[in-house]
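Visitor: Using mature numbering (1 follows the signal peptide of the UniProt record, and there is no 0), the letters of the sequence shown map in sequence onto residues -23 to -1, 1 to 544. Virtual Cβ for every residue (Gly too), placed ideally from N, Cα, C. Since the model is a prediction, treat every value here as computed from it, not as a measurement. Mind having a look at this structure? Questions to follow.
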Amino acid sequence: MQCVKKSLITFLLILLKSMIALGEVSMQPCLTEYYTKPYNRSVEVMEVNCQGQNLELFPNLTQFGDLPIQRLDLRNNSFSNLTISSEVFNGASIKELNLDNNQFIDIEYDALSNVEGMRKLTMNKCDLQSKDLDFLRNIPQLSFLSLRSNEIKEVSDKTVFIGSPLESLDLSFNSDIKIQEDVLKPLTPTLTHLRLDNCKIDVSNLQFLHGLSKLKNLSMKSAYSTKYNSIQNRFDSLELWSLESLSLSNSGLKVIFENVFDGLNNLKYLDLTHNELTYKIFDVTNTLPNLQVLKLSFNPSIQSVIKILNKNLRELHMEGTGVNLISPDAFKILGDSLKLLNLKSCQLPAEGGMFLVDPFRSLRSLRKLDLSYNYLKLIFNETFDNLNKLEELDLSGNTIRFSVHDFSGLEESLKSLKIRNMTLQYLPLEALSTLENLQELDASFNNFTNITRNFFKGLSVKTLNLTSCNISEIQHHAFQDFNKTNLILDENHISNLAFLSLLSHSAFGNLTLNENGFNCSALEHKVRSVVFETLEGYCTVGNETRQLSAYFIEELNMKKIVLSCTE
């Protein structure tokens, strides 16, 4: 009898454990999306979404039978009194499992070994520690693993990744993590992406990366160096032959020794933003034969660009540097490759306000140029003569005195122009009239105040942005030449919309009038026949806020005609 009682108790405990694991005592439903494959009519579960439901028990997956689950989302629940054991998922087929922002009593070593076909696992913000990583040994098909923002201080067990086919590993925001040498070595055949952002990785000791010959993307933002804020050891000793992308931004770097990047012949993307590097960094980066994107923004000690030798460079980002000098031959070798040049918020030019022409002469393939927030006052007539493919230009934040020939060379190519925050009182119509294919003009944050009848004379653009221009008055016929123009007049002081009443029904595509403080009762009642594809903005009636479009239609009986695509 005693044996029978003991067996019964054991059976009940097992049953209870299974019920808890399967969530059968929890009736809270999860949103489920099914998918039927068109070629064989077989059904699979695209997603089981249980996020943010404060579940204290795992959901019951037996209801899906043998159907494979593409994605199970269990983020942001209340599993803090549960242990993840092998019974929890009971042999279910789950391709992606998201357990972000949960805590558990424990995770057993074989917790996920019975899950069929798991390729992706995210356990960000789960308070995981180094001792909790044993379960990673037993996920035979896992290719993507994210353990961001946990409490992992050390990865030292060399057996954790043995036999793993992991391709992408993210351990970012595990502050002060130490990765022992050879721990990642078992991932050599498969690992292509590794993120260690905000982990305070010591870049003077990267031996744990040695031999990862398949690695393509390595991000170590907010790293540091114990060797006088420098990188001295050459990357060729690490044998990262396949590396294409490297990020070392915000790492306090002052010096990178010459030849440090030797061995990175396949590197295409290099991010060194938010450091303290000087112009000598170009001596280091010039050795990278296949570099396509170079980001050096927010290195204020870079004050000059002498010569760049990366013949395949497509993008150069120098925003927020101290550059005040660019040599005439700086970009000479980049003529057929460079598509984007960002010189925003530099110190150009050093004096006189006149920008040197010579550095731009060779940039015949440039598509996007940002010169905003420098100290430009004059543009040479020849400045843009050879930039015949330039499509986007930003001159915002300068105090340029425009003349009719300023955009010489850009007549046919330029599509987008920004002249924001330039203390303009009028648009430079003579210069703008030469731009035959201009589609977008952003003249926000200027001081136009009064929009007169001829304010836009000769201007033809698809989108015009006049946000925060202190506009308080708009005269009749100011927009008479507009044709389906998207006009943004947000954050001005416009109180009277009488100018709308005399316009053609096709004047505007989208008209935006947010944050103008309209009083509904003060609006002109003769505005009855204006046509918009969309109208955005609000007016007030007492303490009530009304949408302008609704007010016009309901209160003023304005006729709204939706423009057809063929008009």
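What separation, rounded to the nearest whole angstrom, lies between the Cα atoms of Ser133 and Asp174?
Guide: Stepping through the sequence shown from its first residue, residue 133 is reached at position 156. Stepping through the sequence shown from its first residue, residue 174 is reached at position 197. Approximately 19 Å between the Cα atoms of the pair.
Visitor: So, Asp458 versus Leu436, is the Cβ gap smaller than 9 Å?
Guide: For this step, residue 458 is matched to residue 481 along the sequence shown. For this step, residue 436 is matched to residue 459 along the sequence shown. Result yes, Cβ atoms of Asp458 and Leu436 sit closer than 9 Å.
Visitor: Report back the beta-carbon spacing between Phe433 and Leu412 to the nearest angstrom; my notes put them in contact at under 8 Å.
Guide: Taking the sequence shown and counting its residues from 1, one reaches residue 433 at position 456. Taking the sequence shown and counting its residues from 1, one reaches residue 412 at position 435. Incorrect: roughly 14 Å between the Cβ atoms, too far for contact.
Visitor: When you compare only the Cα positions, how much space is there between Glu531 and Leu464?
Guide: Your numbering for residue 531 matches position 554 in the sequence shown. Your numbering for residue 464 matches position 487 in the sequence shown. Each residue's alpha carbon lies about 23 Å from the other.
Visitor: The beta strand (DSSP E) with Leu525 in it runs from where to where?
Guide: Taking the sequence shown and counting its residues from 1, the one referred to as residue 525 is at position 548. Counting along the chain, Leu525 falls outside any beta strand (DSSP E), though it belongs to the alpha helix (DSSP H) covering Leu525 to Glu531.
Visitor: Please state the DSSP three-state secondary structure of Met4.
Guide: The count along the sequence shown starts at 1 and reaches residue 4 at position 27. Note on Met4: pLDDT 47, under 50, position unreliable in the model; the coordinate value appears next. In this structure, Met4 counts as coil in the three-state DSSP scheme.
Visitor: Give, in chain order, every unbroken run of the beta strand (DSSP E) that is at least 3 residues long and sits entirely within the segment 372 to 434.
Guide: List check, beta strand (DSSP E) in window: 393 to 395 and 417 to 419.
Visitor: With a threshold of 16 other CB atoms inside 10 Å of the CB of Gly374, please say whether the residue is buried or exposed.
Guide: Here residue 374 refers to the residue found at position 397 of the sequence shown. When all chains shown are included, Gly374 counts as buried.
Visitor: Between Asn155 and Asp109, what straight-line distance do the alpha-carbon atoms span, to the nearest angstrom?
Guide: Locating residue 155 in the sequence shown gives position 178, counting from the first residue. Locating residue 109 in the sequence shown gives position 132, counting from the first residue. Strictly speaking, residue 155 in this sequence is Lys, with Asn absent from that position. The alpha-carbon atoms of Lys155 and Asp109 are separated by roughly 15 Å.
Visitor: Note down, in chain order, each residue of its chain lying with its Cβ closer than 7 Å to the Cβ of Ser526, except the 5 sequence neighbours on either side.
Guide: By one-based count along the sequence shown, residue 526 stands at place 549. Same-chain partners within the cutoff: Leu512.
Visitor: Where Lys354 and Val381 are concerned, what is the direct C-alpha to C-alpha distance, given to the nearest angstrom?
Guide: By one-based count along the sequence shown, residue 354 stands at place 377. By one-based count along the sequence shown, residue 381 stands at place 404. Near 15 Å, if we compare the C-alpha coordinates of Val381 and Lys354.
Visitor: From Val252 to Ile178, what does the alpha carbon distance come to, in whole angstroms?
Guide: Within the sequence shown, residue 252 is the residue found at index 275, counting from 1. Within the sequence shown, residue 178 is the residue found at index 201, counting from 1. One detail in the question is off: residue 252 reads as Asn in this sequence, not Val. Straight-line Cα distance between these residues: approximately 15 Å.
Visitor: How is Asp347 classed by DSSP in three states: helix, strand or coil?
Guide: If you number the sequence shown from 1, residue 347 lands on position 370. In this structure, Asp347 counts as strand in the three-state DSSP scheme.
Visitor: Would DSSP call Cys497 helix, strand or coil?
Guide: Position 520 of the sequence shown, counted from the start, is the residue given in the question as residue 497. Note: Cys497 maps to helix in three-state DSSP.
Visitor: Terminal residues of the continuous alpha helix (DSSP H) containing residue 545?
Guide: The chain is shown from -23 up to 544; residue 545 falls before or after that span and cannot be answered.
Visitor: Cα separation between Gln157 and Gly188?
Guide: Within the sequence shown, residue 157 is the residue found at index 180, counting from 1. Within the sequence shown, residue 188 is the residue found at index 211, counting from 1. Approximately 14 Å, taken between the alpha carbons.
Visitor: Could you check where the alpha helix (DSSP H) with Phe259 kicks off and where it finishes?
Guide: Within the sequence shown, residue 259 is the residue found at index 282, counting from 1. Element bounds for Phe259: Ile258 to Thr262.
Visitor: Mark Gly514 as exposed unless 16 or more other C-beta atoms lie within 10 angstroms of its C-beta, in which case mark it buried.
Guide: Taking the sequence shown and counting its residues from 1, one reaches residue 514 at position 537. Gly514 counts as buried, since at least 16 other C-beta atoms from the protein chains shown sit within 10 angstroms of its C-beta.
Visitor: Residues bridged to Val270 by DSSP?
Guide: One-based indexing of the sequence shown puts residue 270 at position 293. According to DSSP, Val270 shares a beta bridge with Tyr246 and Glu292.
Visitor: So, at 8 Å on beta carbons, what are the nonlocal neighbours of Gly29 in its own chain, with the 5 sequence-adjacent residues on each side left out?
Guide: Reading the sequence shown from its first residue, position 52 is the one you call residue 29. By the criterion of a C-beta distance shorter than 8 Å, Gly29 is surrounded in its chain by Arg52, Asn53 and Asn54, once the five residues flanking it on both sides are discounted.
Visitor: Quick one, are the C-beta atoms of Leu241 and Leu265 less than 9 Å apart?
Guide: Within the sequence shown, the letter at position 264 stands for residue 241. Within the sequence shown, the letter at position 288 stands for residue 265. Leu241 is a Cβ neighbour of Leu265, given a cutoff of 9 Å.
Visitor: I need the DSSP call for Asn79, collapsed to helix, strand or coil.
Guide: Working through the sequence shown from its first residue, we reach residue 79 at position 102. Three-state result, Asn79: coil.
Visitor: Shortest alpha-carbon distance to Lys198 belongs to which of Phe150, Lys395 and Leu443?
Guide: To locate residue 198, count along the sequence shown from 1; it is residue 221. Checked all of Phe150, Lys395 and Leu443; the closest Cα to Lys198 is Phe150.
Visitor: Across which residues does DSSP place Lys155 in a beta bridge pair?
Guide: The sequence position of residue 155 within the sequence shown is 178, counting from 1. Answer is Glu131.
Visitor: Quick one: give me the first and last residue of the beta strand (DSSP E) that Ile471 is part of.
Guide: Position 494 of the sequence shown, counted from the first residue, corresponds to residue 471. Element bounds for Ile471: n/a, residue is neither H nor E.
Visitor: Spatial neighbours of Asn267 within its chain, please: C-beta separation below 7 Å, excluding the five flanking residues on both sides.
Guide: Your numbering for residue 267 matches position 290 in the sequence shown. So the qualifying residues of the chain are Asn242, Asn243, Leu244, Lys245 and Asn289.
Visitor: Can you tell me which of Thr250, Leu286 and Ile279 puts its alpha carbon nearest to the alpha carbon of Thr262?
Guide: Locating residue 262 in the sequence shown gives position 285, where the first residue counts as 1. With distances taken between Cα atoms, Thr262 lies closest to Leu286.
Visitor: CA-CA distance, Ile517 and Leu488?
Guide: Along the sequence shown, read from residue 1 onward, the residue named residue 517 stands at position 540. Along the sequence shown, read from residue 1 onward, the residue named residue 488 stands at position 511. Looking at the sequence shown, residue 517 is not Ile but Thr. In a straight line, the C-alpha of Thr517 is about 18 Å away from that of Leu488.
Visitor: Around the Cβ of Pro470, are there at least 16 other Cβ atoms within 10 angstroms (buried) or fewer (exposed)?
Guide: Taking the sequence shown and counting its residues from 1, one reaches residue 470 at position 493. Per the sequence shown, residue 470 should be read as His rather than Pro. By the neighbour-count rule (16 or more Cβ atoms within 10 Å), His470 is not buried but exposed.
Visitor: Mapping DSSP to helix, strand and coil, what is Leu479?
Guide: Taking the sequence shown and counting its residues from 1, one reaches residue 479 at position 502. It is helical.
Visitor: Could you tell me whether the segment 202 to 211 touches the segment 221 to 240, using the rule of 3 or more Cβ pairs below 8 Å?
Guide: Flag = yes, the segment 202 to 211 and the segment 221 to 240 touch.
Visitor: Just mark Thr444 as buried or exposed, buried being the case when its beta carbon has 16 or more other beta carbons within 10 Å.
Guide: Here residue 444 corresponds to residue number 467 of the sequence shown, with the count starting at 1. Its Cβ being crowded by 16 or more others within 10 Å, Thr444 is buried.
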